[in-house]
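Novice: Quick one: the structure is below, and I'll ask about it shortly.
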Amino acid sequence: MRSRILLIFGVSAGFFVLALLTGPPSFDATDGAEFAVCGSELQIAHAPGYPLFLMMIRVFSVVFSPLYGHLRILNCFLAAAAAAIGTAAFRKAGYSFSAASVGIVLFLTSAPVLSQFNSLEIYPLAIVLVLLAIYLKDSALSPYISGMAVFGGHPVSLLSASLFVSFKKKWPLLLFMLVPATLYLYLPLRSGACRIAHYGHPHTIESLIGYFTMYSGRLSVPSFARLATALGFIGIPALAVFTLLAAAGGRFRAQKDLPIIAAVLFLASYSLPDPAGQLWILLLPLSIRCTGGIQSLFKKTLPIKTGTIVVVAAAAVSGVVSADRTDDDIAMRWTTDVMSSLQPGSVYRPVAHDAFYAAYAQHTLGFRPDVILSDSYGNYFEFSPPPPIPPEVGGRTVHISRAWDRTEDFSLQGLIFSPVRAAQGSPDLGQMAIFRFCGRSPDPMAMDIVAEAWMRRMIQEQDPALADSFYLKALEFSATPLTRSRIESIAENY
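Numbers in our numbering are just positions in the sequence shown, counted from 1, shifted up by 540.
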């Protein structure tokens, strides 16, 4: 027993260090900047708010600082917790200690999972809460912990409900699942002091339901292409190992395997700009099934047992390499290039994630305090006039991150759109940091930012040969079909 405790402690410490060392040198390109600003200032994040995660970030911002690198230590601790609790949860599913230990390593080292733990994302908290709910399924705390998995973590955890919800409890006890829903009182309590960082501020019953369910307009008919795109982020070596071990897992068991089917249907039906982020909802139940396969193979001959360990180790190495973010300073490069090119004292109107990057750069890092930040949705910024914003406000020049449909008032100058009448010499794009990036990121959204930069440079290049080379660069860095088709479309029209 003591040796097992020491082993679990060692593996947990190892995952803490792994998450810490494979993280990005600056903020990530997905939701990290938003969570850093929202959590450290106790604001309200995008749907459905994530109050528990924001309050945990607030604690870390007080203990350490509001810097992204300090805040993501939270997820490093969650990685350590996931290793320990996950081993216990996989054992609770009916598997031996050795099989459970190997199974949780397979899960946590998969690229889509580890790339969440080494950044500042909500999914690590959701994973830990689901694993804890699985472990405590038969305890008196089961209804409450199950509710925490859904309301304290992420709503997509519902897809794994059969793994952690115990219907053996009497229905009055099951009502305790709703107690964690009171966490969402955070939203109305804080809404008087801050704004919701969301692009569809709920003001009707329909929009409120859309906000809390998150999925309005994103669910559609299942698509094999959408599913294949998501599965591609697992990586061929790891996907082959998962498939092999799942096949060795034996016959279909509804309670354990239905979440796999639900997750596959969800990934095939749900449109998301970052499909890699939610792959954990498939990989978790799949890893439990793979643990059954590992246990079966461990009972075979020594060569088969050794081969099982080798293929899992190979998948783990592949996952760690793919999840590595040590080169990923893409969002920071883009943001500093954009904000450095703004005129002194101007108004900058970022759109989508650019708003979160700019908020973190100015509010946390103190970069370009002379610039007035604004966006039409009221994310963070007090100055939020409705669109269309004029090229000049109060004698200040207005710059916009996206103004493709306002060619009469704005033109693309460098990486941003500036007033046509204020057009000056084109900035030296070759000196911008984003064009010197030659690494990689596990986030498709980050790689698409680099592709976007090269596409914008292509549009402004007068030399046809250079423009063609920039076009190829844009395609090389693009990570999603949507971005690739957009690059091709713009290349034809420009």
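Glycine included, each C-beta is placed from N, C-alpha and C at the ideal position.
If you draw a straight line from the C-alpha of H592 to the C-alpha of L660, how long is it?
Specialist: According to the sequence shown, residue 592 is Leu rather than His. A straight line joining the alpha-carbon of L592 with that of L660 spans about 14 Å.
Novice: Would you mind sorting V696 into buried or exposed? The rule is 16 or more other CB atoms within 10 Å of its CB.
Specialist: buried
Novice: Using the beta-carbon count (16 or more within 10 Å), is P984 buried or exposed?
Specialist: buried
Novice: Is T1020 helix, strand or coil when you go by DSSP?
Specialist: coil
Novice: Can you check whether the CB of A986 is closer than 8 Å to the CB of A871?
Specialist: yes
Novice: Are the region 567 to 585 and the region 627 to 640 touching, with three or more C-beta to C-beta distances below 8 Å?
Specialist: Cβ pair count under 8 Å is below three, so no.
Novice: Just how far apart, CA to CA, sit I548 and F957?
Specialist: Straight across, the Cα-Cα distance linking I548 with F957 is about 53 Å.
Novice: Taking L952 as part of the beta strand (DSSP E), name the residues at either end of that continuous run.
Specialist: 950 to 953
Novice: In or out: K840 buried (at least 16 other Cβ within 10 Å) or exposed?
Specialist: exposed
Novice: Applying the criterion that 16 or more other CB atoms from any shown protein chain within 10 Å of the CB defines a buried residue, is I674 buried or exposed?
Specialist: buried
Novice: What first and last residue would you give for the alpha helix (DSSP H) that runs through R936?
Specialist: Unbroken run through R936 is the beta strand (DSSP E), 936 to 940; no alpha helix (DSSP H).
Novice: Please indicate yes or no: does the CB of E581 lie closer than 7 Å to some heavy atom of the ligand SAM?
Specialist: Ligands in the displayed structure: none, and consequently the ligand SAM is not present.
Novice: Would you kindly check if the distance between the Cβ of L913 and the Cβ of Y897 is under 8 Å?
Specialist: No, they are not a contact pair.
Novice: Give me the Cα-Cα distance between H792 and L785, rounded to the nearest whole angstrom.
Specialist: Strictly speaking, residue 792 in this sequence is Phe, with His absent from that position. The straight-line gap from Cα to Cα measures roughly 14 Å.
Novice: Can you have a look at I844 and say buried or exposed, based on whether 16 or more other CB atoms are within 10 angstroms of its CB?
Specialist: Exposed.
Novice: Which value, in whole angstroms, describes the spacing of the CA atoms of G550 and V781?
Specialist: 25 Å
Novice: If you measure between the beta carbons of T562 and A1031, is that distance less than 8 Å?
Specialist: no
Novice: Output yes or no for whether 8 Å exceeds the beta carbon distance between A623 and L648.
Specialist: yes
Novice: When the Cα atoms are used, what is the spatial distance from Y755 to L767?
Specialist: With a pLDDT of 48 at Y755, under the threshold of 50, the modelled position of this residue cannot be trusted; read the value that follows with caution. Using only the alpha carbons, I get a separation of about 17 Å.
Novice: Return the first residue and the last residue of the alpha helix (DSSP H) that P652 is part of.
Specialist: 651 to 657
Novice: Decide if the region 716 to 732 is in contact with the region 677 to 688; the criterion is three or more beta carbon pairs, one per stretch, under 8 Å apart.
Specialist: yes
Novice: For the region 616 to 692, which segments carrying the alpha helix (DSSP H) assignment without a break, of at least 4 residues, lie completely within its bounds, in sequence order?
Specialist: The qualifying runs are 637 to 648, 651 to 657, 663 to 675, 682 to 687.
Novice: Who are the near neighbours of V891 in its chain, counting only those whose CB is closer than 8 Å to its CB and skipping five residues on each side?
Specialist: These residues qualify, in order along the chain: D915, I940, S941, R942.
Novice: Near D877, what residues of its chain come up, given a Cβ to Cβ distance below 7 Å and the 5 sequence neighbours on each side ignored?
Specialist: Residues of the same chain with a CB within less than 7 Å of the CB of D877, apart from the 5 flanking positions on each side, are L955, M972, A973, I974 in chain order.
Novice: DSSP on L826, reduced to helix/strand/coil?
Specialist: helix
Novice: Relative to the alpha-carbon of L607, which residue among P967, G906, T1023, D1003 has its alpha-carbon at the smallest distance?
Specialist: G906
Novice: Closer than 6 Å by C-beta to L676: which residues in its own chain qualify, once you throw out the five before and the five after it? Chain order, please.
Specialist: S682, I685
Novice: Which class does Y726 belong to by DSSP, given the choice of helix, strand or coil?
Specialist: Three-state result, Y726: helix.
Novice: Residues in its own chain within less than 6 Å of S641 by CB, not counting five upstream and five downstream?
Specialist: If we look at S641 and ignore the five residues flanking it on each side, its Cβ neighbours are T627.
Novice: If you compare alpha carbons, which of A787, T875, A765 is closest to I828?
Specialist: A787
Novice: Here's the rule I'm using: 16 or more other beta-carbon atoms within 10 Å means buried, otherwise exposed. How should N615 be labelled?
Specialist: buried
Novice: By the three-class DSSP mapping on this structure, what secondary structure does Y755 have?
Specialist: Caution applies to Y755, whose pLDDT of 48 falls short of 50 and renders its modelled position unreliable; the model cannot decide the point.
Novice: May I have the straight-line CA-CA distance separating M595 from D678, to the nearest angstrom?
Specialist: Taking the straight line joining both Cα atoms gives about 29 Å.
Novice: Using a Cβ-Cβ cutoff of less than 6 Å, which residues in the same chain neighbour G775 once the five nearest sequence positions on both sides are dropped?
Specialist: A651, S858, S862
Novice: Is it the case that the Cβ atoms of S552 and A639 are separated by a distance below 8 Å?
Specialist: no
Novice: Helix, strand or coil, according to DSSP, for L558 in the structure here?
Specialist: helix
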